Every structure is written in C-alpha cells, then in structure tokens.
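Beneath this line is the structure, given in structure tokens, with notes to follow.
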Amino acid sequence: MLEIKNLHVKLEEEDKAILKGVDLTVEAGKVHAIMGPNGSGKSTLSYVLSGRDGYEVTDGSAELLGEDLLELEPEERAAAGLFLAFQYPIEIPGVGNMTFLRTAVNAQRKARGQEEMSSADFLKEIRAKAKELKIDADMLKRPVNVGFSGGEKKRNEILQMAMLAPKMCILDETDSGLDVDAMKLVADGVNALRDEGRGFLVITHYQRLLDHIKPDVVHIMSEGRIIKTGGPELALEVENEGYAHLKAEEA
Ligand code: ADP
Ligand code: MG
Ligand code: MG
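Last residue of the sequence shown: 251 (the UniProt record's numbering), numbering continuous.
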C-alpha cells in the first residue's frame with residue numbers, strides 16, 4: 001500500500017536535515033504504529049507524504065499503490081487515496097463543516113471519475129457517521145473546527161476520514177488532548193474502518209492508544225530514522241523503559 005525507501009528530507013528554508021533515511025512499508029489491511037520522542041520527525045514524515053510545502057526531499061522515494069507520491073500535488077495524493085488526520089487541526093472560519101466535507105467528498109469522487117453524491121445520500125451518511133462519533137448536528141453546521149474543543153477537533157478529523165474512505169490513513173497523534181472516553185470513540189471510529197484494502201499509519205507518543213487500536217507492527221522513530229521495528233510488545237517496552245533505553249541499545 002505505502003512504500004517508503006531511504007527517505008531523506010530537509011527544510012527548504014534552512015540546511016536542516018529532519019528525516020535521515022526512513023524505510024517503511026505498510027501493507028494493505030495492516031495497522032502500523034510509529035512511536036518516538038518529541039522532535040524525532042514523525043509529523044514531518046506525515047507532512048512530506050501528504051505534500052505540505054516547506055520541505056525538500058533530498059533522497060529516497062515514497063509510493064502509494066506503486067504510484068510516486070512525491071510527484072503529486074496534495075489534492076492528487078488525496079484523490080489517490082491518502083488521508084492525513086492532523087496533529088493540530090486548523091480552524092477555517094466562514095466555511096461550514098458540512099459544506100467543507102461535501103465539497104471534499106465530491107471533489108474526490110470527481111477526481112476518480114465518479115458521479116457527485118446526492119444531497120440526500122450525503123446527509124444520510126454524514127448523520128450516521130457523526131452519530132457514531134458523538135458529533136452533534138450543531139457541530140456539523142458550525143465553521144470547520146471553529147470553537148471546537150481539542151477532543152471535538154480530533155473527532156472531526158476521524159469524521160472526515162470516515163466520509164472520504166481513504167486507502168491509506170495516517171493519524172498524527174490523534175490521541176493527544178483526548179480524555180479516555182473521547183479516545184475510545186476515536187479508536188472505535190478507526191477500528192470500524194479497518195479493512196483488508198486499507199492501510200493505517202498511527203503516529204502516537206503514548207502506548208495507551210494502542211490498547212484500543214491494536215497495531216500489527218510498531219516502529220520506533222528517533223532523530224529522523226526508524227531505529228527499531230517489532231510487534232505490539234515493542235510499545236509496552238517503550239512504555240516501561242522509555243526511549244532513551246532504545247537509543248542506547250541502538251548505539
Ligand atoms: P515530532 O512530530 O516527532 O514531534 P516533528 O516532525 O514535528 O517531530 O519535528 C522534527 C524536527 O524538525 C524538530 O526538531 C522540529 O523542530 C523540526 N522542524 C520541523 N518542521 C520545521 C519547520 N517548519 N521549521 C523549523 N523546524 C522544523
Ligand atoms: Mg511533536
Ligand atoms: Mg508531531
């Protein structure tokens with residue numbers, strides 16, 4: 001599904017290398033988790049994959065279903081099936097949440113040569129999905145994320161993901177700022193989307209999210225590289241022994 005090879009990334013504005021040779025393959029149907037200390041490059045990886053400005057790829061490759069991601073515009077990456085749930089969702093004053101979602105869904109359908117969704121079908125689907133995530137009708141009418149609590153913004157990211165039904169889902173610290181109940185809602189939303197044809201990359205600082213979204217593979221990122229890969233037990237090892245222990249082990 002997603003194949004990243006020897007990815008090196010630096011900031012465009014300064015000569016600062018952030019990713020220093022990331023290798024990662026996410027298979028369809030699998031959930032991979034990336035854990036790592038703050039500043040290790042986890043968000044940068046998700047930004048570079050989704051096409052955010054300001055970064056320069058100096059070496060390596062990233063493919064989605066065999067297609068060179070790095071050549072595509074952000075919207076083309078989305079149309080190809082990539083989705084990023086932001087660590088810090090932005091507010092978009094003046095743009096209604098429901099209008100935003102409907103425009104996104106239809107733009108994606110158009111890019112794929114599908115017909116627009118009818119208003120009735122869209123409403124039915126968004127209401128059902130919002131209900132599962134305990135997002136009330138009022139939040140659908142308000143401008144995107146404006147005045148939403150931290151937890152509401154994160155649930156809104158999952159609503160977007162559910163509506164767009166991407167092939168490759170990247171979640172960047174979706175658990176941060178969530179209380180246990182909200183985290184369970186988010187995890188249920190993600191688990192409902194788990195599918196043989198879909199891959200997940202779940203970035204998290206803490207192990208607790210992985211109690212609810214059981215990963216198949218866990219990677220540890222440190223200083224711009226993946227320093228260790230293992231099964232779910234690796235997340236527990238980090239929880240018990242910390243990242244410093246793993247870095248020392250690598251050294
Ligand atoms: P993580 O998500 O693992 O906490 P980030 O990818 O956010 O890490 O950051 C990795 C490193 O790159 C950090 O040292 C951060 O300060 C730096 N960095 C990322 N983006 C920028 C930027 N636009 N300008 C300056 N430094 C940046
Ligand atoms: Mg961080
Ligand atoms: Mg981050």
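For glycine and all other residues, C-beta sits at the position ideal for the given N, C-alpha and C.
It should be emphasised that the depicted structure is a prediction, and the values quoted were computed from it without experimental measurement.
query                                                                                                               : result
D175 Cβ short of 7 Å to ligand 3 heavy atom set                                                                     : no
heavy atom of ligand 3 below 7 Å from G119 C-beta                                                                   : In the sequence under discussion, the amino acid at residue 119 is Ser, which differs from the Gly named in the question. No, Cβ of S119 sits at least 7 Å from all heavy atoms of ligand 3.
Cα-Cα separation between Y243 and Q87, rounded to whole angstroms                                                   : 21 Å
G150 - containing alpha helix (DSSP H), residue span                                                                : 150-164
First and last residue of the uninterrupted alpha helix (DSSP H) at S176                                            : Unbroken run through S176: none, as it is neither H nor E.
Test item: CB-CB of A128 and L140 under 8 Å                                                                         : no
The stretch 197-213 contacting the stretch 156-173, beta-carbon criterion three pairs below 8 Å                     : yes
Close beta carbons around Y55, own chain, < 8 Å, minus the five adjacent residues each side                         : V9, K10, L11, E12, I18, T44, Y47, V48
Distance between beta carbons of I126 and M98, contact taken as under 8 Å                                           : 7 Å
F122 beta carbon less than 8 Å from that of R109                                                                    : no
Continuous beta strand (DSSP E) assignments of at least 3 residues falling wholly in the stretch 60-113             : 82-85, 92-96
Uninterrupted alpha helix (DSSP H) stretches inside the stretch 167-232 (no shorter than 4 residues)                : 180-193, 209-212
Same chain, Cβ closer than 6 Å to P89, five either side skipped, listed in chain order                              : N145, K153, E157
Beta-carbon gap between R225 and K20 smaller than 8 Å                                                               : yes
Heavy atom of ligand 1 within 7 Å of N240 beta-carbon                                                               : no
Alpha-carbon spacing of R77 relative to G66, whole angstroms                                                        : 12 Å
Proximity test, S222 beta-carbon vs ligand 3 heavy atom, cut-off 7 Å                                                : no
G147 burial status per 10 Å Cβ neighbour count (16 or more: buried)                                                 : exposed
Residue 252 classed as buried or exposed, judged by whether at least 16 other C-beta atoms fall within 10 angstroms : Lying outside 1 to 251, the shown extent of the chain, residue 252 is not represented and no answer is given.
Option nearest M117 by Cα separation, candidates A111, P37, N106                                                    : N106
Terminal residues of the alpha helix (DSSP H) in which M139 lies                                                    : 137-141
Pair within 8 Å by beta-carbon distance, H32 and H219                                                               : yes
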